[in-house]
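Read through the structure below, which is laid out as structure tokens, and then see the notes.
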Amino acid sequence: MLNVAIIGTGGIAPLHIKGYLTFKEDVNIVALCDIYPEKAEKMASDFDLDVSVYDNHEELLANETVDLVSVCTPPYVHAEIAINAMKAGAHAVVEKPMAASLKECDDMNRVSEETGKTLSIISQNRFTNPMMKLKTLLDEKVIGKVLHTQVDSFWWRGHNYYDLWWRGTWEKEGGGCTLNHAVHHLDIFKWLNGMPDEVTAVMSNVAHDNAEVEDISIAIGKYKDGGLATLTSSVVHHGEDQQLIFQGEEGRISAPFKVSAMAAQGNGFPKENTEKMEAITKRYEELDDLAYEGHTGQLNNVIQSLIGHEDLVVDGYQGKQTLELIMAIYSASQAGQKVDLPIDSSHPFYTKEGVMANVPRFYEKSGSVENFEEGEITT
Ligand SMILES: NC(=O)c1ccc[n+]([C@@H]2O[C@H](COP(=O)([O-])OP(=O)(O)OC[C@H]3O[C@@H](n4cnc5c(N)ncnc54)[C@H](O)[C@@H]3O)[C@@H](O)[C@H]2O)c1
Numbered sequence: 546m547l548n549v550a551i552i553g554t555g556g557i558a559p560l561h562i563k564g565y566l567t568f569k570e571d572v573n574i575v576a577l578c579d580i581y582p583e584k585a586e587k588m589a590s591d592f593d594l595d596v597s598v599y600d601n602h603e604e605l606l607a608n609e610t611v612d613l614v615s616v617c618t619p620p621y622v623h624a625e626i627a628i629n630a631m632k633a634g635a636h637a638v639v640e641k642p643m644a645a646s647l648k649e650c651d652d653m654n655r656v657s658e659e660t661g662k663t664l665s666i667i668s669q670n671r672f673t674n675p676m677m678k679l680k681t682l683l684d685e686k687v688i689g690k691v692l693h694t695q696v697d698s699f700w701w702r703g704h705n706y707y708d709l710w711w712r713g714t715w716e717k718e719g720g721g722c723t724l725n726h727a728v729h730h731l732d733i734f735k736w737l738n739g740m741p742d743e744v745t746a747v748m749s750n751v752a753h754d755n756a757e758v759e760d761i762s763i764a765i766g767k768y769k770d771g772g773l774a775t776l777t778s779s780v781v782h783h784g785e786d787q788q789l790i791f792q793g794e795e796g797r798i799s800a801p802f803k804v805s806a807m808a809a810q811g812n813g814f815p816k817e818n819t820e821k822m823e824a825i826t827k828r829y830e831e832l833d834d835l836a837y838e839g840h841t842g843q844l845n846n847v848i849q850s851l852i853g854h855e856d857l858v859v860d861g862y863q864g865k866q867t868l869e870l871i872m873a874i875y876s877a878s879q880a881g882q883k884v885d886l887p888i889d890s891s892h893p894f895y896t897k898e899g900v901m902a903n904v905p906r907f908y909e910k911s912g913s914v915e916n917f918e919e920g921e922i923t924t
């Protein structure tokens with residue numbers, strides 16, 4: 546039985562709690578922690594949990610025997626809390642984005658190696674049927690060489706979203722929609738298609754004049770083989786019509802799932818390649834559904850990897866690589882020129898100080914709400 550603690554009991558924590566409660570035979574939630582302990586008390590009561598409540602994670606780690614910690618705090622304290630948890634002997638599951646800088650990611654990965662403790666970064670949308678099936682199809686090269694990938698990480702957040710005290714600043718949120726929203730799609734994009742070799746980008750803040758950070762960015766990734774990717778990150782898109790489209794030499798597949806394939810007529814104009822489309826659709830449909838999706842699916846993978854039944858799907862090195870792509874987008878936007886990947890430790894966007902010194906402040910952060918009234922969140 547693994548003893549679990551959850552640090553940070555705000556919007557995302559219930560998805561961790563629900564996930565752990567699905568696996569009661571393997572895990573037991575023993576403690577919750579929040580700098581507003583009344584929030585942790587309320588969450589314990591809402592889920593009818595028999596747990597200790599703390600207002601300080603170090604005290605929790607000193608007083609409890611914990612095997613696994615979920616870090617559900619704002620990004621600027623992810624590294625500190627995850628490192629303290631691993632040093633105290635616990636494995637760590639850290640909410641996205643992994644940390645505030647690539648240097649912090651290195652520190653987390655180093656401590657994971659030194660302590661032998663597992664470090665996993667939440668990317669729960671990998672654990673959905675469309676994404677897992679797309680991964681299989683792309684690994685099987687059903688559309689041949691990928692020529693163009695279109696990532697539409699379209700979200701919508703109201704003006705008041707950035708009034709929460711830690712949101713909307715480079716210091717505490719670490720970035721805008723590219724970091725905090727598109728992180729999901731950018732992680733999946735490079736998991737499915739690999740990291741591009743260079744990035745160019747522009748970013749802007751078009752609808753949130755209460756935030757320092759960007760609310761839209763458009764980047765182009767280029768691969769050594771010539772393939773291109775257009776990566777749009779936004780919190781200004783009504784309808785949140787998100788999609789990842791892969792255009793290959795032999796066809797097109799996407800999440801949400803749709804397939805199309807063309808063949809050339811004698812004059813070079815297209816006709817439908819129905820045989821190819823049917824073959825891809827048949828393969829997609831014969832793939833098994835996942836037992837669990839979303840946070841529950843990823844937490845299941847972490848638990849199964851800890852008890853030796855599965856390989857860990859998202860580790861700290863992949864978490865860092867996603868942040869590296871995001872920092873490349875920020876750096877390319879700021880400098881107005883392409884950034885080569887990978888980014889090395891001398892790059893100005895490698896450290897938090899470097900990011901803080903170089904990023905644009907679109908607006909001054911104005912609001913500072915301590916806690917919102919309850920409301921649904923979308924993930
Ligand atoms: N995976 C997803 O789809 C998804 C969705 C939303 C948020 N998130 C991520 O989850 C994290 C938290 O976001 P949220 O929306 O739940 O924010 P939130 O503000 O609703 O909750 C964060 C909680 O952490 C507490 N906290 C802050 N500093 C702390 C500290 N040092 N020690 C203990 N508690 C502390 C806050 O008081 C708050 O209750 C962020 O990294 C965010 O990007 C992930």
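Using our numbering, the letters of the sequence shown map in sequence onto residues 546 to 924. Every residue, glycine too, gets a C-beta built ideally from N, C-alpha and C.
Proximity test, residue i beta-carbon vs ligand 1 heavy atom, cut-off 7 Å
i: T924; result: yes
i: H602; result: yes
i: I580; result: yes
i: K587; result: no
i: L709; result: yes
i: I667; result: yes
i: I552; result: yes
i: T618; result: yes
i: A764; result: no
i: K584; result: yes
i: V858; result: no
i: K641; result: yes
i: A558; result: yes
i: V780; result: no
i: V622; result: yes
Cut-off 6 Å between Cβ atoms - residues of its own chain near residue i, not counting five sequence neighbours on either side
i: Y837; result: N845
i: H693; result: L773, Q792
i: I562; result: F592
i: V858; result: N846
i: E759; result: G721, M748, N750
i: V884; result: V744, A873, S876, A877
i: G912; result: D708, N755
Continuous alpha helix (DSSP H) stretch holding residue i: start and end
i: C617; result: Taken as a continuous stretch (DSSP letters only), C617 belongs to no alpha helix (DSSP H), as it is neither H nor E.
i: D591; result: 582-591
i: Y599; result: Counting along the chain, Y599 falls outside any alpha helix (DSSP H), though it belongs to the beta strand (DSSP E) covering 597-599.
i: T567; result: 558-567
i: I626; result: 623-632
Contacting residues, own chain, Cβ-Cβ under 8 Å from residue i (five flanking each side not counted)
i: E609; result: N548, A550, V575, A576, S597
i: L605; result: A550, I552, A576, C578, S597, Y599, V611
i: E823; result: none
i: D856; result: S850
Endpoints, the beta strand (DSSP E) within which residue i is located
i: N573; result: 572-578
i: L594; result: First-last for L594: undefined, no H or E at that position.
i: L547; result: 547-552
Residue-level contact to chain B via CB, residue i, 8 Å cutoff
i: K827; result: The question asks about chain B, but that chain is absent: this structure has only one protein chain.
Same chain, Cβ closer than 7 Å to residue i, five either side skipped, listed in chain order
i: K717; result: P619, Y621, W711
i: V914; result: D708, L709, W710
i: L594; result: I574
i: K767; result: P741, D742, E743, L773
Contiguous beta strand (DSSP E) assignments of at least 3 residues, all confined to the region 727-811: 743-749, 761-767, 773-779, 788-793, 797-800, 803-805, 807-809
Touch test, the region 678-686 against the region 820-832, Cβ-Cβ under 8 Å, three pairs minimum: yes
4 or more residues per run - each alpha helix (DSSP H) lying fully within the region 801-875: 819-831, 839-851
Indicate whether the contact test is met: 3 or more Cβ pairs, each with one atom in the region 873-887 and one in the region 897-908, closer than 8 Å. yes
Could you give the uninterrupted runs of the beta strand (DSSP E) lying entirely in the region 638-692, keeping only those of 3 residues or more? 664-666
Specify whether the region 851-865 and the region 885-897 touch according to this definition: at least 3 beta carbon pairs, one from each stretch, less than 8 Å apart. no
Are the region 775-786 and the region 696-708 touching by the rule of at least three beta carbon pairs closer than 8 Å? yes
Three or more C-beta pairs under 8 Å: does that hold for the region 725-744 against the region 648-662? no
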